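Sequence lines, in order, name chains A and B.
Using UniProt numbering, the letters of the first sequence map in sequence onto residues 1 to 399.
Using UniProt numbering, the letters of the second sequence map in sequence onto residues 1 to 399.
Every residue gets a Cβ at the ideal spot worked out from N, C-alpha and C, and that includes glycine.
Since the model is a prediction, treat every value here as computed from it, not as a measurement.
A short write-up of the structure that comes next.
2 protein chains.
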Amino acid sequence: MSYFSYLECSKCGNKYSSKEVHNLCECGAPLLVRYDLEAIKKNVDKNVFKGREKGLFRFKELLPVEDEKNIVTLGEGDTPVFKLEKLGDKIGLKNLYIKDEGLNPTGTFKARGAAVGVSKAKELGIKTIAMPTAGNAGGAWSAYSAKAGIELVVAMPYDAPDLAKKEAYIYGSKTYLVKGLISDAGKIIAKGVKKHGWFDAATLKEPYRIEGKKTMGLEIAEYFNWEFPDAILYPTGGGVGIIGIWKAFKELEELGWIKNKIPKLIAVQSEGCNPIVKAFNEDKEASEFCEDANTIAGGIRVPKALGDFLVLDAVRESKGTAVEVKDSEIIESLNLLAKAEGLFIAPEGATLVAAVNKLVKDGFLKEEEKVVLLNTGSGLKYANLVDEKLPILEIDSDI
Amino acid sequence: MSYFSYLECSKCGNKYSSKEVHNLCECGAPLLVRYDLEAIKKNVDKNVFKGREKGLFRFKELLPVEDEKNIVTLGEGDTPVFKLEKLGDKIGLKNLYIKDEGLNPTGTFKARGAAVGVSKAKELGIKTIAMPTAGNAGGAWSAYSAKAGIELVVAMPYDAPDLAKKEAYIYGSKTYLVKGLISDAGKIIAKGVKKHGWFDAATLKEPYRIEGKKTMGLEIAEYFNWEFPDAILYPTGGGVGIIGIWKAFKELEELGWIKNKIPKLIAVQSEGCNPIVKAFNEDKEASEFCEDANTIAGGIRVPKALGDFLVLDAVRESKGTAVEVKDSEIIESLNLLAKAEGLFIAPEGATLVAAVNKLVKDGFLKEEEKVVLLNTGSGLKYANLVDEKLPILEIDSDI
């Protein structure tokens, strides 16, 4: 079923066996999964995926799980794409779309990475997984680990969202709150990994999460009948999603399944935490640590991503760009999209609405272009951002 | 596309035109949508649905929307079914399944009713819809009305869950909090309907919501390759879901698409609000108003349902039963399912875990029977029920 052939270092090109447990390359860079694309080209018809049972494991040939019995699924993937007619009219785009990842289990796109990551951990016989998290990844990995019967150790900042703490707790993960930032939580996990031999599943420290995220790209390509749209906007924190989508598109190109140009990949950040935007504007290969990182969109409050150089590569090679928006614009966009399109999305996703508006105004995006916004989660996980003021009526009132 | 022929009173059998706006029958009972099943039998192959784009509107021949351009969709329906291996082992069922409605837009099965209800309102040219709600229906109808560009007036108890208030608010509904119960909210809406001519979309006062809920039954039948399972457990408040599933199964039977026996439909309530269980046990045709109704599962805190007689009919005709569980069992079940199966479900859904356990113990359900639990929503909407107590670490700690 899978055409997984080996792991390859994203920096030095070193190769590792697909049958062993690996984290980073000896050189310290993330490993990427490589497939026998020649064999897929010969044996697989791209139209076969559509007829299979829904969910991201439809794309099993391009995923690293080798035996179907190891698949751990909670119904992730195959999220809907909607054309945003009203918003498109308002900002001047005739073909504006949103892919809504909020309909994944645990309410975010993190479910994709967790589904593939936990399934592969099961296949490799791993007993305990450990990870630091800002919140949503902890919820997702907790759910899949619970289903798989794998122990999960999670450390998150003590000021992480309540809902993230509650998710990790109810799924039964060994969860610790750390009086510090996610980087401090990461250090505690790294020590535990050394001491106890846990499998380290921190962002990009294990090679399989990207493969789960990659399926967003496969689904977008399939949605447009195996043609690439012109641009994809993506809220960028750790950047695994954008790296995954880029990887999907390169694989599809190599397979010869798509002939037109890979979309411009557009990384969107908040003004309060904009390391990728800065590095892009300053033509640097990697980002610098963003001091005092601060934004209401917690999922993109990542001061320095391990895979920053991969994100910057993807943005540049695809002729994309990087854009920052204000927190006040995020809140405005959240409200706008709910009222115009009936979609209550995550603040990370809402950055894209403000960004696409800017990019049309400054001419980077043209009226006829097919543009996709990738919303990463459900607004239900961010209820604290909605400040309702509703009128109260006595029981004998009239409206 | 639709084979909608007329509306029929569920009590007196009076018929009404499918082309006009109708609420209740003159006799005060709910109206049901009737289709030209003979024509469907002749023209439609049951295997055609599977090949269509996912979502409940796949079943368009058995839905009341007549012109595709009126469909208002946010990605509802086609929710996953999982086999509960660990839970099944624990309680002694070899074929225990759950259908997880938490993956619908707005996080609950209410999205199904809203999708069909709002689409049909659009088709009928309705400008303003009004409804009382305990919470989740208000959120769902707000989202779909926003997308449709139809005005929605919502009244809910001032002590409704915060998240429900925030949903109605962010989607831009005209939302009022009422210093009283849902019945008081209902009275204020009823007065507004008379005064302003709004379309009344209170539970069972409009005929189309049931049709949306019906698709849960169609999906279950299709999932089991057009064979009925042996039993379905359903958390019962207003009862629209169980009435809808029953209606789906009767239609499938009449179409000749399924040959085996309709499943036992099992209504599950909480001890603090058990009018259907009482009426069932006392062999009554309708329920009595449950004074001081009280349960942590807000969606089934319905003291007297307008369609109670239909629920009781469905349970009795299908040789099902009615079961009540304690609130403490609901919390235990929530925790059990999250840890064993990676599913954080709504408290309404959790009633079913406790109930199925009882029904196996007392012999009503047998080890080999195919049993489906219908979870109505995501636990993310009920975070207040999770009381996390997590250890806090200093930044230089070891685990």
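Partner residues on chain A for Asp-184(B), Cβ-Cβ distance less than 7 Å: Here residue 184(B) refers to the residue found at position 184 when the second sequence is read from its first residue. Going along chain A in sequence order, the residues near Asp-184(B) (Cβ under 7 Å) are Ile-395.
Inter-residue Cα distance where the pair is Ala-231(B) and Gly-377(A): Translated into the one-based positions of the second sequence, residue 231(B) becomes position 231. Translated into the one-based positions of the first sequence, residue 377(A) becomes position 377. So the alpha carbons of these two residues sit roughly 34 Å apart.
Short CB-CB distance (under 9 Å) between Ala-354(A) and chain B: The residue labelled residue 354(A) in the question sits at position 354 within the first sequence. With a threshold of 9 Å between beta carbons, Ala-354(A) makes no contact with chain B.
Residues sharing a beta bridge with Gly-377(B), DSSP: For the purposes of this step, residue 377(B) is identified with residue 377 of the second sequence, where counting begins at 1. Beta-bridge pairing by DSSP links Gly-377(B) to Thr-108(B).
Residues of its chain near Leu-334(A), where Cβ-Cβ distance is below 6 Å and the 5 sequence neighbours each way are ignored: Translated into positions along the first sequence, residue 334(A) becomes position 334. By the criterion of a C-beta distance shorter than 6 Å, Leu-334(A) is surrounded in its chain by Ala-350, once the five residues flanking it on both sides are discounted.
Option nearest Gly-75(B) by Cα separation, candidates Gly-237(B), Pro-391(B), Leu-255(B), Thr-108(B): Along the second sequence, read from residue 1 onward, the residue named residue 75(B) stands at position 75. Closest option to Gly-75(B), judged by alpha-carbon separation, among Gly-237(B), Pro-391(B), Leu-255(B), Thr-108(B): Thr-108(B).
Candidates Ala-267(A), Pro-157(A), Glu-26(A), Lys-194(A): closest to Val-372(A) by CA position: Taking the first residue of the first sequence as position 1, residue 372(A) is located at position 372. That would be Ala-267(A), whose Cα lies nearest to the Cα of Val-372(A).
Contact set between Thr-175(B) and chain A, taken where Cβ atoms lie within less than 7 Å: The residue labelled residue 175(B) in the question sits at position 175 within the second sequence. Chain A residues near Thr-175(B): Leu-390.
Pairwise C-alpha distance: Glu-285(A) and Phe-249(A): Working through the first sequence from its first residue, we reach residue 249(A) at position 249. Working through the first sequence from its first residue, we reach residue 285(A) at position 285. Between Phe-249(A) and Glu-285(A), the C-alpha separation is close to 21 Å.
Neighbouring residues, chain B, relative to Glu-367(A) (Cβ below 8 Å): Here residue 367(A) corresponds to residue number 367 of the first sequence, with the count starting at 1. Simply none; closest approach about 23 Å.
Selected residue, minimal CA-CA separation from Lys-389(A), among Ala-143(B), Leu-385(B), Leu-163(B), Thr-321(B): Within the first sequence, the letter at position 389 stands for residue 389(A). Nearest in C-alpha terms to Lys-389(A), of all of Ala-143(B), Leu-385(B), Leu-163(B), Thr-321(B), is Leu-163(B).
Lys-99(B) classed as buried or exposed, judged by whether at least 16 other C-beta atoms fall within 10 angstroms: What you label residue 99(B) is simply residue 99 of the second sequence in a count that begins at 1. Label assigned to Lys-99(B): buried.
Against chain B: residues of the stretch 124-144 of chain A by CB proximity under 7 Å: Residues of the stretch 124-144 of chain A with a C-beta less than 7 Å from any C-beta of chain B: Ala-143, Tyr-144, listed in chain order.
Amino acids of chain B, ordered along the chain, whose beta-carbon sits closer than 7 Å to that of Pro-105(A): Numbered from 1 along the first sequence, position 105 holds the residue referred to as residue 105(A). Within chain B, the residues whose beta carbon sits less than 7 Å from that of Pro-105(A) are Leu-103, listed in sequence order.
Extent of the continuous alpha helix (DSSP H) run through Leu-83(A): As a first step, residue 83(A) must be located in the first sequence, where it is residue number 83. Here the sequence assigns Lys to residue 83(A), which means Leu is not the residue at that position. For Lys-83(A), no alpha helix (DSSP H) run applies; the uninterrupted beta strand (DSSP E) run containing it begins and ends at 81-83, by DSSP.
Exposed unless 16 or more other CB atoms sit within 10 angstroms - verdict on Lys-195(A): As a working note, residue 195(A) is residue 195 in the first sequence. Lys-195(A) comes out exposed.
Option nearest Asn-294(A) by Cα separation, candidates Ala-340(A), Ala-338(A), Gly-237(A): Your numbering for residue 294(A) matches position 294 in the first sequence. Closest by alpha carbon: Gly-237(A).
Span separating the alpha-carbon of residue 414(B) from that of Asn-47(A): The question about residue 414(B) has no answer, for chain B in this structure spans 1 to 399.
Within chain B, partners of Asn-335(A) - CB distance below 7 Å: As a working mapping, residue 335(A) is identified with position 335 in the first sequence. Simply Ile-170.
Inter-residue CB distance, Tyr-16(B) and Tyr-6(B) (contact presumed, cutoff 8 Å): Here residue 16(B) is taken as the residue at index 16 of the second sequence, counted from 1. Here residue 6(B) is taken as the residue at index 6 of the second sequence, counted from 1. Sure, about 6 Å apart at Cβ, within 8 Å.
Cα-Cα separation between Lys-165(A) and Ile-296(A), rounded to whole angstroms: As a working note, residue 165(A) is residue 165 in the first sequence. As a working note, residue 296(A) is residue 296 in the first sequence. The straight-line gap from Cα to Cα measures roughly 18 Å.
Under 7 Å by beta carbon: chain B residues contacting Lys-191(A): One-based indexing of the first sequence puts residue 191(A) at position 191. Within 7 Å Cβ-Cβ: Asp-398.
Per-residue contacts from Asp-78(B) into chain A (C-beta, under 8 Å): Here residue 78(B) refers to the residue found at position 78 when the second sequence is read from its first residue. Listed along chain A are Lys-54, each with a C-beta nearer than 8 Å to that of Asp-78(B).
Residues within the stretch 320-348 of chain B neighbouring chain A, beta-carbon criterion of under 9 Å: Here the close residues are Leu-334, Asn-335, Ala-338, Lys-339, Ala-340, Glu-341, Gly-342, Leu-343, Phe-344.
Of the listed residues Leu-32(B), Lys-19(B), Asn-23(B), nearest to residue 450(B) (C-alpha basis): Nothing about residue 450(B) can be reported from this structure: the residues present for chain B run from 1 to 399 only.
Straight-line gap, Glu-167(B) to Lys-50(B) (C-alpha atoms, nearest Å): To locate residue 167(B), count along the second sequence from 1; it is residue 167. To locate residue 50(B), count along the second sequence from 1; it is residue 50. Cα to Cα, the separation comes out at about 33 Å.
Pair within 9 Å by beta-carbon distance, Pro-207(A) and Val-178(A): Position 207 of the first sequence holds residue 207(A). Position 178 of the first sequence holds residue 178(A). The Cβ-Cβ distance between Pro-207(A) and Val-178(A) does not fall below 9 Å.
For Arg-209(B) and Gly-117(B), the rounded distance between their alpha carbons: Stepping through the second sequence from its first residue, residue 117(B) is reached at position 117. Stepping through the second sequence from its first residue, residue 209(B) is reached at position 209. Cα atoms of Gly-117(B) and Arg-209(B): separation of roughly 5 Å, rounded to the nearest angstrom.
Selected residue, minimal CA-CA separation from Met-1(A), among Pro-30(A), Pro-64(A), His-22(A): Within the first sequence, numbered from 1, the residue matching residue 1(A) stands at position 1. That would be Pro-64(A), whose Cα lies nearest to the Cα of Met-1(A).
Minimum Cβ-Cβ distance from Ala-148(B) to chain A less than 9 Å: Counting from one through the second sequence, the residue named residue 148(B) turns up at place 148. Yes, because at least one Cβ of chain A sits closer than 9 Å to the Cβ of Ala-148(B).
Start-end ranges of the alpha helix (DSSP H) lying completely within the stretch 153-204 of chain A, minimum 4 residues: Counting only runs of 4+ residues, the alpha helix (DSSP H) found wholly inside the stretch 153-204 of chain A occupies 162-170, 182-196, in chain order.
The stretch 86-104 of chain A in contact with the stretch 353-373 of chain A per 3-pair CB rule at 8 Å: Yes: the two stretches touch, three or more of their Cβ pairs being nearer than 8 Å.
Presumed contact (8 Å Cβ cut-off) between Thr-73(A) and Ala-115(A), rounded CB distance: Taking the first residue of the first sequence as position 1, residue 73(A) is located at position 73. Taking the first residue of the first sequence as position 1, residue 115(A) is located at position 115. With 8 Å as the limit, Thr-73(A) and Ala-115(A) qualify as a contact, their Cβ atoms being about 6 Å apart.
Lys-54(B) classed as buried or exposed, judged by whether at least 16 other C-beta atoms fall within 10 angstroms: For the purposes of this step, residue 54(B) is taken as the residue at position 54 of the second sequence. Classification for Lys-54(B): exposed.
Contact list for Gly-75(B) against chain A, beta-carbon separation under 8 Å: Numbered from 1 along the second sequence, position 75 holds the residue referred to as residue 75(B). Counting only Cβ-Cβ distances below 8 Å, Gly-75(B) has contacts in chain A at Thr-79, Pro-80, Phe-82, Asp-100, Leu-103, in chain order.
First and last residue of the uninterrupted beta strand (DSSP E) at Leu-32(A): One-based indexing of the first sequence puts residue 32(A) at position 32. Leu-32(A) -> beta strand (DSSP E) spans 31-35.
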